Amino acid sequence: MVEITLLIWLICVNGAPILLAKILGKRFNIPIDGSRLWRDGQPLFGQSKTIRGILVALLVSIGVGSLLQLPIVMSITFGLLSMVGDLTSSFVKRRLGYKPSAMALGIDQIPESLFPLLGIQFWLMLSFSQIAGIVLTFFCVELMLSRILFWLRIRKTPY
100 MVEITLLIWL ICVNGAPILL AKILGKRFNI PIDGSRLWRD GQPLFGQSKT
150 IRGILVALLV SIGVGSLLQL PIVMSITFGL LSMVGDLTSS FVKRRLGYKP
200 SAMALGIDQI PESLFPLLGI QFWLMLSFSQ IAGIVLTFFC VELMLSRILF
250 WLRIRKTPY
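Taking this note's numbering, the leading residue of the sequence shown gets 100, the next gets one more, and so forth.
Below is the structure:
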């Protein structure tokens with residue numbers, strides 16, 4: 100049961116920035132990297148990683164954590180590490196030459212689900228097999244949800 104709850108939490112936190120971007124469009128769309136470039140001349144993270152997205156993910160994480168009656172520190176940790184995972188994948192994709200929003204199977208899904216689970220592992224006494232199972236399930240669900248969100252015209256790409 101805890102695995103399903105954590106999967107839903109991951110989906111909510113990682114999906115919130117996408118939904119808010121669809122609602123707000125370009126409003127309050129400030130890139131987290133300030134449009135700075137890395138030594139390789141590529142963006143640090145890219146235009147799609149915004150302060151707005153980080154904040155909404157954190158707020159959703161706190162909201163879901165509150166509904167689950169979890170400590171606020173755990174909720175903040177979960178939300179922040181999910182976004183650190185997302186930023187890490189964007190950073191790696193830019194270094195590997197992927198264009199913004201290009202699909203990088205695994206790189207896109209694993210850090211944003213693995214990092215928060217490792218961060219709250221000791222609060223919930225999660226085993227490594229539980230974490231691996233949740234990450235694998237998130238990977239599969241995220242691929243399906245991305246296609247659905249594309250079909251609904253919420254996402255710009257089907258991945």
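Every residue gets a Cβ at the ideal spot worked out from N, C-alpha and C, and that includes glycine.
Keep in mind it's a predicted model, so treat the numbers as computed, not measured.
Original post:
L180 and P142 look like a contact to me (Cβ under 8 Å); what is the Cβ gap, rounded to whole Å?
Top reply: Looking up residue 180 in the sequence shown gives position 81. Looking up residue 142 in the sequence shown gives position 43. With 8 Å as the limit, L180 and P142 do not qualify as a contact, their Cβ atoms being about 22 Å apart.
Original post:
What are the boundary residues of the alpha helix (DSSP H) that W250 is part of?
Top reply: The residue given as residue 250 occupies position 151 in the sequence shown. Where W250 is concerned, the enclosing alpha helix (DSSP H) starts and stops at 227-250.
Subject >> C-alpha gap between S170 and G164, whole angstroms >> reply: Here residue 170 corresponds to residue number 71 of the sequence shown, with the count starting at 1. Here residue 164 corresponds to residue number 65 of the sequence shown, with the count starting at 1. The amino acid at residue 170 is misidentified as Ser; the sequence shows Pro. Taking the straight line from one Cα to the other gives about 7 Å.
Original post:
Alpha carbon to alpha carbon, what distance is there between W137 and I230?
Top reply: For this step, residue 230 is matched to residue 131 along the sequence shown. For this step, residue 137 is matched to residue 38 along the sequence shown. Here the alpha carbons of W137 and I230 stand approximately 32 Å from one another.
Original post:
Are E127 and R151 closer than 8 Å when you measure CB to CB?
Top reply: As a working note, residue 127 is residue 28 in the sequence shown. As a working note, residue 151 is residue 52 in the sequence shown. One detail in the question is off: residue 127 reads as Phe in this sequence, not Glu. For F127 and R151, yes; Cβs fall inside 8 Å.
Original post:
So who's on the other strand from T149, going by DSSP bridges?
Top reply: Mapped onto the sequence shown, residue 149 falls at position 50. The partner list for T149 (beta bridge, DSSP) reads P130.
Original post:
Can you find a CB in chain D that lies within less than 8 Å of the CB of A203?
Top reply: The displayed structure is made up of one protein chain only, and chain D is not part of it.
Subject >> Per DSSP, cross-strand counterpart(s) of L136 >> reply: Counting from one through the sequence shown, the residue named residue 136 turns up at place 37. BP columns for L136 point to P142.
Original post:
Are V183 and I206 touching if we call contact CB-CB under 8 Å?
Top reply: Here residue 183 refers to the residue found at position 84 when the sequence shown is read from its first residue. Here residue 206 refers to the residue found at position 107 when the sequence shown is read from its first residue. Not in contact: V183 and I206 (Cβ atoms no closer than 8 Å).
Original post:
Terminal residues of the continuous alpha helix (DSSP H) containing I117?
Top reply: Numbered from its first residue, the sequence shown carries residue 117 at position 18. In the DSSP annotation of this structure, the continuous segment of the alpha helix (DSSP H) that includes I117 starts and ends at 101-123.
Original post:
Going by alpha carbons, who is nearest to I139 out of R193, A115, I122, S245?
Top reply: By 1-based counting over the sequence shown, the position of residue 139 is 40. It should be noted that the sequence gives Asp, not Ile, for residue 139. Residue R193 is the option with its Cα nearest to D139.
Subject >> Exposure of M100, with buried meaning 16 or more beta-carbon neighbours within 10 Å >> reply: As a first step, residue 100 must be located in the sequence shown, where it is residue number 1. M100 comes out exposed.
Original post:
In chain order, which continuous runs of the alpha helix (DSSP H) of length 4 or greater are located wholly inside the segment 155-211?
Top reply: Listed in chain order, they are 171-194.
Original post:
Since K121 and I253 are thought to touch, with beta carbons under 8 Å apart, how far apart are those beta carbons, to the nearest angstrom?
Top reply: As a position in the sequence shown, residue 121 is number 22, starting the count at 1. As a position in the sequence shown, residue 253 is number 154, starting the count at 1. Approximately 5 Å separates the beta-carbon atoms of K121 and I253; this is inside 8 Å, confirming the contact.
Original post:
Closest to I153 by CA distance: which of T236, F237, P116 is it?
Top reply: By one-based count along the sequence shown, residue 153 stands at place 54. Cα-wise, what sits closest to I153 is P116.
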